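Chains Y and S are the protein sequences, given in the same order. Going by my numbering, the first sequence opens with residue 27, and the numbers climb by one from there. Going by my numbering, the second sequence opens with residue 721, and the numbers climb by one from there. Virtual Cβ for every residue (Gly too), placed ideally from N, Cα, C. Model, not experiment: these values are computed from the prediction. Here is the structure we will look at, set down as structure tokens.
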Amino acid sequence: MSDSSMDTDDLARWASVTGWSATPELTPMQTLLWRAERHPVQSSTSTVVIDLDRAPDWDRFVAATEWGTRLVRRLRQRVVEPAVPTAAPTWADDPTFDLAYHLRRERVADREEMLVHAAQMALRPFDRTRPLWEGVLFEGMPDGAAYVLKIHHALADPLGMVQLLSMLQSGRRDHTPRKPVHEEVDALPEPGPVDLAVTGLRADIASLPASTLASARRVGTAAARPQVVLASALRYGASVRRLLTRTAPPSPELSPRTGRMWSFLTLHAPIDPMREVARLGGGTLDDAAVALVLGGLRRYHARRGSTVAEIPVGVRVSLDRADDLGNRFAGALISGPLAIEDPVDRVAAVRGEVLSLHTERALEVLDAAAPLMNRMPSFVGASALRTAAAPDAFVLTLPGPPRRRYMAGAQVQGMYVLGPLPGAALTVCLVTCGDTACIGVNVDGSAVADLVALEECLAEGVEEMVSAGQAVGPM
Amino acid sequence: MSGLSAAVTEAIEAIEAGPQGPAVGAFFDLDGTLVAGYTAATFYGDRLKGRDVSPAEFLRTVVTAVDGELGGDPTRIAHVAFAAMRGESEEAFADLGERLFRSKIAGTIRRESRALVMAHQRAGHTVAVASAATKYQIAPVARDLGVEHLVCTRLVVEDGQFTGATDGPMLWGRHKASGVRTFAREHAVDLARSYAYGNGYEDVAFLSSVGHPTALNPHRDLRAAAARLGWPVLDLSDPVGGSLIAAGRTAAALAGMNAGVGLGLAYGMARGDLKEGRNAAIRLATQLPMALAGVSMDVLHQERLWTHRPAIFVANHQSALDIPVLGRLLERDFTIVAKKEARWDPRAVVGSVVIDPAWIDRSDSASARATLDGVVERIRSGTSLMIFPEGTRSATPVLGPFRKGAFHLAAQAGVPVVPIVLRNTGELMRRSSLVLNPGVVDVCVLEPETDWSVDDMSERIAALRAKFEETLARWPK
Chain Y
27 MSDSSMDTDD
37 LARWASVTGW
47 SATPELTPMQ
57 TLLWRAERHP
67 VQSSTSTVVI
77 DLDRAPDWDR
87 FVAATEWGTR
97 LVRRLRQRVV
107 EPAVPTAAPT
117 WADDPTFDLA
127 YHLRRERVAD
137 REEMLVHAAQ
147 MALRPFDRTR
157 PLWEGVLFEG
167 MPDGAAYVLK
177 IHHALADPLG
187 MVQLLSMLQS
197 GRRDHTPRKP
207 VHEEVDALPE
217 PGPVDLAVTG
227 LRADIASLPA
237 STLASARRVG
247 TAAARPQVVL
257 ASALRYGASV
267 RRLLTRTAPP
277 SPELSPRTGR
287 MWSFLTLHAP
297 IDPMREVARL
307 GGGTLDDAAV
317 ALVLGGLRRY
327 HARRGSTVAE
337 IPVGVRVSLD
347 RADDLGNRFA
357 GALISGPLAI
367 EDPVDRVAAV
377 RGEVLSLHTE
387 RALEVLDAAA
397 PLMNRMPSFV
407 GASALRTAAA
417 PDAFVLTLPG
427 PPRRRYMAGA
437 QVQGMYVLGP
447 LPGAALTVCL
457 VTCGDTACIG
467 VNVDGSAVAD
477 LVALEECLAE
487 GVEEMVSAGQ
497 AVGPM
Chain S
721 MSGLSAAVTE
731 AIEAIEAGPQ
741 GPAVGAFFDL
751 DGTLVAGYTA
761 ATFYGDRLKG
771 RDVSPAEFLR
781 TVVTAVDGEL
791 GGDPTRIAHV
801 AFAAMRGESE
811 EAFADLGERL
821 FRSKIAGTIR
831 RESRALVMAH
841 QRAGHTVAVA
851 SAATKYQIAP
861 VARDLGVEHL
871 VCTRLVVEDG
881 QFTGATDGPM
891 LWGRHKASGV
901 RTFAREHAVD
911 LARSYAYGNG
921 YEDVAFLSSV
931 GHPTALNPHR
941 DLRAAAARLG
951 WPVLDLSDPV
961 GGSLIAAGRT
971 AAALAGMNAG
981 VGLGLAYGMA
991 RGDLKEGRNA
1001 AIRLATQLPM
1011 ALAGVSMDVL
1021 HQERLWTHRP
1031 AIFVANHQSA
1041 LDIPVLGRLL
1051 ERDFTIVAKK
1061 EARWDPRAVV
1071 GSVVIDPAWI
1081 DRSDSASARA
1091 TLDGVVERIR
1101 SGTSLMIFPE
1111 GTRSATPVLG
1121 PFRKGAFHLA
1131 AQAGVPVVPI
1141 VLRNTGELMR
1151 RSSLVLNPGV
1161 VDVCVLEPET
1171 DWSVDDMSER
1181 IAALRAKFEE
1191 TLARWPK
């Protein structure tokens, strides 16, 4: 691809970023997470570690970040809460925004030290009155540098974060002049908390006749056809019960969890063999990622002399068509098999578990309950999130940029997402980055007795998947 | 009319157009997929009837079943049932399976499922029943469908008795999927090119293990999942059960038959011609009741019924309905050979007055031979003969072996054999049922075959039977 077409690509991509995050209000789910946040045990912080082939020029890096915050308005906005929760919180421009507060650089001796720093950085809570991100450029490592970006879930979920970063990065090493910027809008006067609450209340009152009517109609239907309503309610209840109770109990090898000691691990694998294993098992890359983690945990359990046959794993299920990257997702638990030795068979088993979730009508239960819970004091929402059974591991796959990109002249070697640990012992995110699968693992240090062994076992799990994908020869 | 819905015909054409051979698997769930309803319920109903169930066990079963419906572990009910079987003889249970198959389950096999199974068998696929049920429920069905492989829950048997435990997990949900994958590895089946059919919400994992899953008459939650996953859904028609209306129509039909016989015979006596009277009685006694019961016929090659008379008509036999149907087809100048014991069967007695069958006493071979000599005489003098070469009715549409008697008669009398294939009479009137259901009977008259002799009789019978099978498998359009 020639440089000029690369430019056009970049420009088109950047222009599209300006439309990103346009709605001023937080969605019900974001609101729930925002209000229920109890960092770090119930954290909404995700971290990206971006490996760079060299340390970029600091001034150019600052200038590029400055440009990024102008392109994506939300990076300069903060969340304003209404005085009483009658309305959703709103994004508003932060008049005191100072890039220097959010972006800095540090020197480290090597990559291990950088990961330790990154974990500590992620554990520190956000200042909730400022824009919800923080970036540190780590320099001084023998092979290149690393940019660590910490983002609050209300600003972007991990998927949005990876998308945003892949959009902001450049297709070439050289500087691009005349980059598009967000047309300057007159900063709206920041809404006060009381104004927000009053506006919300007014909207509630305005919709009261309609919602009363709807409730009355529902009651009427229920009275007219009680058996239908009862049957439907029972089926829904049964589905909820299955979703909450019908998974494996947590593994004793992955407890006790405090959620207060985060350790970051990174692993990588060539993407083609991973896709091939997925194909052989009749599954997707998501299924292969879950199978990979299970393979690593299988070895870890075996090494610790444990005979646990299955563990609860949190996966993301699309509420739209199964394999599409729809917009509506639900988190759900599956029983991940630890007893299956063959990686391909493990992928197939995971596939079956994940697809079986689609028969559950209550899959979107948390989504459905979010608007309601937002009207209650935040501790209610927090405890609701806690009762949702916690898995041993969350596994998430995120599509990154299709080829290697650049940040202020430094080539991106890998992009690792380290998610929070909401009750789980591990959170694993696999990001596809060019021809590499970048696997970021956040481990609860208090739940895992032998962290070194776990890292070795996960690496063996990666190796096992890759060789299973290569065994059948080139694609 | 092929009798299969457009969707099923399309599915069968896709199977025919797809890859062939044993590396392609076809896995069929049992309950709700191959058969309508639950075989386990049939077994349990039998236990209840036999008072093998204590009130405590019954209560436990009901509570477990309800809990399973309400989101509890739905496999626990089966384990309760298995535990209750502790100490029972395996052989007796297998016999019970055979008995329940003949009396109840055989009639619940879906015709279109059978057509799908046969399509896979014609394609040379490795066909298996994959079910959480035990082999005592599945084996008779599988044998009837000609399916060799079972992937199912195994019960532990010690000294010929059940221990109440299962050997390995119950093949439900993920375990059925895992069982299918193990089977595929052991039999070199390529799952990506294979087919699976299931109906329960727990079948998603099982269905997702193959490249061509089909949700067949799916449970509502599987239907929702199939829509989301983009899996094809096939809705097959269930075997018609005896409804009250159908029972009423049957009563009317029987009354109609008797009235028809009476009228016909009265007509014959008035004319002083018993033979004409009989023919009139056949017409009335078959047309009237079939019209009253709402049964009509769709006949292919009707002209062949008339080009070779007198002849020996041979047909496959699945139902008591076959006799009025054939009577209606042959219309006049024919009789049947029947065993002497059937003479006083209330269902046959009316017909026997009308068509004056040749009764054979099977216990006395000299008398049997004498009767048959008489039959040859009757044929030569112009009365055609209708014979079911399978001898007895089969419980299902599967063709039994052909006996030689009909063909010997054809050779002796020097008349042709006219083969008649009946497709779905068994469905409209089940083997052991007195109830006739409304519907359309598919009939195909094959090419009449002449010049029978003892020399090549066996080969020709085998060839003719193969034609029956072929016609039943691929109904001509």
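Residue i, buried or exposed, once every other Cβ within 10 Å from all chains shown has been counted against 16
| i | result |
| --- | --- |
| Thr1027(S) | exposed |
| Leu477(Y) | exposed |
| Gln857(S) | buried |
| Val142(Y) | exposed |
| Val1174(S) | exposed |
| Tyr127(Y) | exposed |
| Thr122(Y) | exposed |
| Trp84(Y) | exposed |
| Ser1178(S) | exposed |
| Leu768(S) | exposed |
| Glu1023(S) | exposed |
Beta-bridge pairing of residue i - partner residues as DSSP gives them
| i | result |
| --- | --- |
| Gly1018(S) | Contrary to the premise, residue 1018(S) reads as Asp rather than Gly in this sequence. Note: Asp1018(S) sits in a beta bridge opposite Asp1162(S). |
| Pro176(Y) | According to the sequence provided, residue 176(Y) is Lys. The question's Pro does not apply to it. Its beta-bridge partners are Thr73(Y), Glu160(Y). |
| Ala419(Y) | Val339(Y), Leu452(Y) |
| Pro1139(S) | Val1034(S) |
| Ala935(S) | Gly918(S), Val953(S) |
| Ala118(Y) | Arg104(Y) |
| His294(Y) | Cys464(Y) |
| Gly745(S) | Thr846(S) |
| Val924(S) | According to DSSP, which records beta bridges pairwise, Val924(S) is partnered with nothing at all. |
| Arg130(Y) | Val162(Y) |
| Thr1055(S) | Leu1105(S) |
| Cys483(Y) | Per DSSP, none; premise fails for Cys483(Y). |
Interface partners of residue i on chain S, CB under 7 Å
| i | result |
| --- | --- |
| Arg377(Y) | Ser928 |
| Leu364(Y) | Result: empty, since nearest Cβ-Cβ is about 13 Å, beyond 7 Å. |
| Leu58(Y) | Simply none; closest approach about 24 Å. |
| Asp371(Y) | Arg901 |
Sequence-distant residues of the same chain with beta carbon closer than 7 Å to residue i, five excluded per side
| i | result |
| --- | --- |
| Leu163(Y) | Phe87, Arg131, Ala171, Tyr173 |
| Pro151(Y) | His65 |
Same chain, Cβ closer than 8 Å to residue i, neighbours up to 5 away in sequence not counted
| i | result |
| --- | --- |
| Asp36(Y) | Ser196, Gly197, Arg198, Thr202 |
| Asp349(Y) | Residue placement at Asp349(Y) is poorly supported in this model, since its pLDDT is 44, which falls under 50; the coordinates still yield a value, given next. Correct list, in chain order: Thr310. |
| Pro1121(S) | Glu1110, Arg1185 |
Per-residue contacts from residue i into chain S (C-beta, under 8 Å)
| i | result |
| --- | --- |
| His384(Y) | Val924, Ala944, Ala945, Arg948, Leu949 |
| Arg387(Y) | Asp941, Ala944 |
Cut-off 6 Å between Cβ atoms - residues of its own chain near residue i, not counting five sequence neighbours on either side
| i | result |
| --- | --- |
| Thr934(S) | Tyr917, Pro952, Leu954 |
| Ile177(Y) | Ser72, Trp159, Met187 |
| Val492(Y) | Ala295, Pro299 |
| Gly435(Y) | Pro82, Arg199 |
| Leu324(Y) | The question names Leu, but residue 324(Y) is Arg in the sequence shown. For Arg324(Y), where only same-chain residues beyond five positions count, the Cβ hits under 6 Å are Leu364. |
| Phe903(S) | Val871 |
| Glu878(S) | none |
| Gly466(Y) | Thr292, Tyr442, Val443, Leu444, Cys455 |
| Phe747(S) | Ala848, Ala850, Val900, Ala916 |
| Leu351(Y) | With a pLDDT of 40 at Leu351(Y), under the threshold of 50, the modelled position of that residue is not reliable, and no figure is offered here. |
Closer than 9 Å at the beta carbon, the chain S residues around residue i
| i | result |
| --- | --- |
| Asp221(Y) | Result: empty, since nearest Cβ-Cβ is about 42 Å, beyond 9 Å. |
| Gly308(Y) | Leu911, Ala912, Ser928, Ser929, Val930, Gly931 |
Supposed contact pair residue j and residue i - C-beta distance, whole angstroms, cut 8 Å
| i | j | result |
| --- | --- | --- |
| Ser851(S) | Asp751(S) | 7 Å |
| Met441(Y) | Cys459(Y) | 5 Å |
| Thr762(S) | Ile825(S) | 6 Å |
| Val1141(S) | Asn1036(S) | 6 Å |
Per-residue contacts from residue i into chain Y (C-beta, under 7 Å)
| i | result |
| --- | --- |
| Tyr921(S) | Thr385 |
| Ser898(S) | Ala375 |
Cross-chain neighbours of residue i in chain Y, by beta carbon under 9 Å
| i | result |
| --- | --- |
| Arg894(S) | Ser361, Pro363, Ala375, Gly378, Glu379, Ser382 |
Neighbour flag for residue i against chain C, beta carbons, 8 Å
| i | result |
| --- | --- |
| Tyr127(Y) | Checking the listed chains, one finds no chain C in this structure; the protein chains it contains are Y and S. |
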